[in-house]
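Protein chains in written order, with the working numbering: chain G, 19 to 384; chain Y, 19 to 384.
Where a beta carbon is used, it is the ideal one built from N, C-alpha and C, also for glycine.
Keep in mind that this is a model prediction, so the values were computed, not measured.
To keep things clear, I will list the structure first and then write my remarks on it.
There are 2 protein chains.
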Amino acid sequence: MVRLAVDCMGGDHGPSVTLPACQAFLAKHPQAELVLVGLPEVLAEAAQWPRCSVVPASEVVTMDDPVEVALRRKKDSSMRVAISQLKAVGDAPPKADACVSAGNTGALMAVSRYLLKTLEGIDRPAIASVMPNQLGAYTTMLDLGANVDCTAEHLLQFAVMGSALVQAVDGKTEPRVGLLNIGEEAIKGSETIKRAGELLRQADAAGQLNFFGNVEGNDIFKGTTDLVVCDGFVGNVALKTAEGLATMIITIIREEFGRNWLTKAAAMLAIPVLKRFKGRVDHRRFNGAALLGLRGLVFKSHGSADAYAFENALNRAYDAARNRLLDRVHDRIIATLQAMPLVAGQQIQGEAAASGNQATGVAHAA
Amino acid sequence: MVRLAVDCMGGDHGPSVTLPACQAFLAKHPQAELVLVGLPEVLAEAAQWPRCSVVPASEVVTMDDPVEVALRRKKDSSMRVAISQLKAVGDAPPKADACVSAGNTGALMAVSRYLLKTLEGIDRPAIASVMPNQLGAYTTMLDLGANVDCTAEHLLQFAVMGSALVQAVDGKTEPRVGLLNIGEEAIKGSETIKRAGELLRQADAAGQLNFFGNVEGNDIFKGTTDLVVCDGFVGNVALKTAEGLATMIITIIREEFGRNWLTKAAAMLAIPVLKRFKGRVDHRRFNGAALLGLRGLVFKSHGSADAYAFENALNRAYDAARNRLLDRVHDRIIATLQAMPLVAGQQIQGEAAASGNQATGVAHAA
């Protein structure tokens, strides 16, 4: 049994989207259970569904709520209560294996971080998602906006966490890791990027991941690597640039086919083709970003997701939980720390001292 | 008369592309003259064309040549000789008003910078180009890869130079400037970006440019602003991400229309529509990036440009030269320095001392 906690109130549309998605998801996953979180009156009917339980929450974090409001004021929000289902309370195990919310990203990350804390060896959680590629598959990318300034060590941690994600969700044993840069040559990029390249080569040599080398923006869509690693500023710009271009192209195609009766007739004939095309680039299929590096699995749906898209976010969370993503990230990070003690020593001395991790008790030569 | 120096040997295809493009360009621009630079035996026929002169160069910078080779070894390269046409020699005025090359970007920037030097008040030259937007117009963006690490002051300089470019080439009197960020709110982004936002607001208040505020990746294609300013790492990733997605989408459309005889029939009927669509997003139409901030106008064509694309790069250089882009950039930078003496003082103290610019002799409080 895999149990998902769902923030039923989050997103632009709230329960009108999340509940039909939950219902469709349950019908397709007989091994799944859902913990629905939200206003009890809204969830009354859903409480009767099989394999469903309801946990009440009296408040809702809106899409515009500042992080502070979500964190300090709305302590009984559906978002916060849903995330807290991932925590063990006393001797009782956590009530859910993963949590899904379409609520606002900043609030979701802040509350998750506050309630769950980061995994040992992780300085900063990151947001990972996928983009379709020319191979008919998809490319996983992180960070997509959680961290605007990253060190080389952070980028290494992202690569390790992302490798665990691709392994768990896509079943690839040794996902190829690309470092997003402005040229293929190792001498390209900023000092941080060059140093990240060195660390990734070391991690590859130590057998901790499969480093391909530098990749460029177009490689995301070529599918050159399974995973593309970058800082959150660059990742967010790339993601939104791609969304913007896709929207423009679809608008132009619609305009050109709608120009006159002749083009409209051509459109009629081309409908099956255009549908297949749209299906292949439909971002709803790729909905569900993972917040990686926390002591709990949190998945973020696009705020404007419809039921189909939200169901896909549930699917991704389900696959991740079923394939023990949390353990995999933890194990990989610990193994990397042990294989690369210098990096560990430099980066997480604070946490190392607190957690007493042996692997980090080594040379702090910076 | 406007005179363009053309590196006829540069790019993936050299004279087989550049010469037909030059010929087509001359036919359309009776007020233009070309200075063709390259191996004399290759240019013998073109030397007979009206309004053409040939300047011989015995070497060629290849697309793979490292910057050092272009800079220190190939001193008689067509690229270098073409750029040097922009320099006054003794009392004689420069032989050309702008230079166009499809040679490799790193070499072109390095040689241009070495031969021409940067304008007063400019720390680093930047690369500016355009992308089509949903309004049927295009958005100018810089920097696209010349500078991987930028300060807030560099971003301000890019905004000032870019404003001059849009004004000169597109005739917009007060181009709207957007700062590329990961959210619209002024509190978003790294410290550098936040400080750049402050400087841009100051420059706007001082009447030096028209600052819209933060924009996101998708705003490039929405056409929210005329100009988008970012550091070269982010700009390069955004540009190549867009190129990669466009390539994938065109590949998918082709695949889907080629699937079987029915879809092929639909494609036949849709040909005019697809042609118009392709025309609207055709990157060849937007070929010709400006290297801004140098004491001379250098334009960079895509290395893989065909004759149509290279001709467009010639067009852009022609428009820029005709509309006195160099003077405009110079005047705008000086005006901004005078209006914002603190920025000037912090940033270009070295150059200020050398050039004796009054505007920069002010408080160096950092």
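Simplified DSSP state of residue i, which is helix, strand or coil
i	result
glycine 231 of chain G	strand
glycine 363 of chain G	Its pLDDT being 49, under 50, glycine 363 of chain G is placed unreliably in this model, and the value from its coordinates should be taken loosely. In this structure, glycine 363 of chain G counts as helix in the three-state DSSP scheme.
glycine 28 of chain Y	coil
leucine 153 of chain G	coil
proline 290 of chain Y	helix
proline 38 of chain Y	helix
methionine 81 of chain G	coil
leucine 310 of chain G	strand
glutamate 86 of chain G	helix
threonine 354 of chain Y	helix
valine 20 of chain G	strand
threonine 136 of chain G	strand
serine 119 of chain G	strand
alanine 284 of chain G	helix
alanine 100 of chain G	helix
alanine 146 of chain G	strand
glutamate 51 of chain G	strand
Where the alpha helix (DSSP H) containing residue i begins and where it ends
i	result
glutamate 6 of chain Y	Lying before the first or after the last residue shown, residue 6 of chain Y is absent from chain Y, which here runs from 19 to 384.
serine 95 of chain Y	First-last for serine 95 of chain Y: undefined, no H or E at that position.
serine 14 of chain G	Nothing about residue 14 of chain G can be reported from this structure: the residues present for chain G run from 19 to 384 only.
Proximal residues of chain Y, C-beta to C-beta of residue i below 8 Å
i	result
glutamate 261 of chain G	Gly235 and Asn236
phenylalanine 304 of chain G	Per Cβ cutoff of 8 Å: no residues; phenylalanine 304 of chain G is ~13 Å from chain Y at best.
valine 246 of chain G	Those do not exist, as valine 246 of chain G stays about 10 Å from chain Y at its closest Cβ, beyond 8 Å.
leucine 287 of chain G	Ala283, Ala284, Leu287 and Ala288
Partners in chain G for residue i, counting only beta-carbon separations shorter than 7 Å
i	result
glutamine 152 of chain Y	Met266 and Thr269
arginine 294 of chain Y	Glu274
arginine 298 of chain Y	Ile270
Cβ-Cβ separation, residue j to residue i (assumed contact under 8 Å), whole Å
i	j	result
valine 148 of chain G	phenylalanine 317 of chain G	So it is not a contact: roughly 12 Å between Cβ atoms.
isoleucine 140 of chain Y	glycine 311 of chain Y	4 Å
valine 178 of chain G	arginine 350 of chain G	5 Å
glycine 306 of chain Y	asparagine 341 of chain Y	So it is not a contact: roughly 14 Å between Cβ atoms.
leucine 408 of chain Y	leucine 315 of chain Y	The requested residue 408 of chain Y is not part of the displayed model; chain Y covers only 19 to 384.
glutamate 274 of chain Y	phenylalanine 295 of chain G	5 Å
alanine 116 of chain Y	alanine 327 of chain Y	About 17 Å separates the two Cβ atoms, so there is no contact after all.
aspartate 244 of chain Y	threonine 354 of chain Y	18 Å between Cβ atoms; not a contact.
Below-9 Å beta-carbon distance, residue i vs any chain C residue
i	result
threonine 281 of chain Y	In the structure shown, chain C cannot be found, because the protein chains are G and Y.
Alpha-carbon spacing of residue i relative to residue j, whole angstroms
i	j	result
leucine 54 of chain Y	methionine 358 of chain Y	42 Å
asparagine 122 of chain G	glutamate 261 of chain G	18 Å
alanine 281 of chain Y	alanine 323 of chain G	In the sequence on display, residue 281 of chain Y carries threonine and not alanine. Cα-Cα distance, rounded: 31 Å.
arginine 21 of chain G	phenylalanine 239 of chain G	33 Å
valine 60 of chain G	tyrosine 336 of chain G	24 Å
asparagine 173 of chain G	leucine 198 of chain G	In the sequence on display, residue 173 of chain G carries leucine and not asparagine. Answer to the nearest angstrom: the Cα atoms are 10 Å apart.
alanine 146 of chain G	aspartate 94 of chain Y	50 Å
glycine 56 of chain Y	leucine 137 of chain Y	28 Å
serine 34 of chain Y	leucine 162 of chain G	43 Å
threonine 259 of chain Y	aspartate 237 of chain G	8 Å
proline 38 of chain G	alanine 144 of chain G	29 Å
arginine 90 of chain G	arginine 213 of chain G	38 Å
glycine 108 of chain Y	glycine 207 of chain Y	48 Å
arginine 313 of chain Y	valine 347 of chain Y	10 Å
aspartate 222 of chain Y	valine 255 of chain Y	28 Å
valine 233 of chain Y	serine 76 of chain G	35 Å
glycine 28 of chain Y	aspartate 83 of chain Y	12 Å
alanine 114 of chain G	glutamate 86 of chain G	26 Å
alanine 308 of chain G	valine 184 of chain G	11 Å
alanine 50 of chain Y	arginine 69 of chain Y	7 Å
leucine 257 of chain G	histidine 31 of chain G	23 Å
aspartate 167 of chain Y	glutamate 209 of chain G	9 Å
isoleucine 271 of chain G	methionine 286 of chain G	13 Å
alanine 284 of chain G	glycine 235 of chain G	34 Å
Extent of the continuous beta strand (DSSP E) run through residue i
i	result
arginine 142 of chain Y	Neither: arginine 142 of chain Y is in no beta strand (DSSP E) and is coded neither H nor E.
phenylalanine 317 of chain G	315-318
glycine 163 of chain Y	Element bounds for glycine 163 of chain Y: n/a, residue is neither H nor E.
arginine 194 of chain G	194-198
valine 246 of chain G	245-247
Cross-chain neighbours of residue i in chain Y, by beta carbon under 9 Å
i	result
leucine 89 of chain G	Within chain Y, no residue comes near leucine 89 of chain G; the closest Cβ sits about 16 Å away, beyond 9 Å.
Contacts of residue i in chain G (Cβ-Cβ under 8 Å)
i	result
leucine 257 of chain Y	Gly235
leucine 198 of chain Y	Val255
Per-residue contacts from residue i into chain Y (C-beta, under 7 Å)
i	result
valine 291 of chain G	Glu274, Phe275, Thr281 and Ala284
serine 208 of chain G	Val166, Asp167 and Phe251
Check: residue i C-beta below 8 Å from any heavy atom of the ligand ZN
i	result
glutamine 175 of chain G	Looking for the ligand ZN in the displayed structure turns up nothing, as the structure carries no ligands at all.
9 Å Cβ cut-off: residues of chain G touching residue i
i	result
lysine 240 of chain Y	Gly262, Thr265 and Met266
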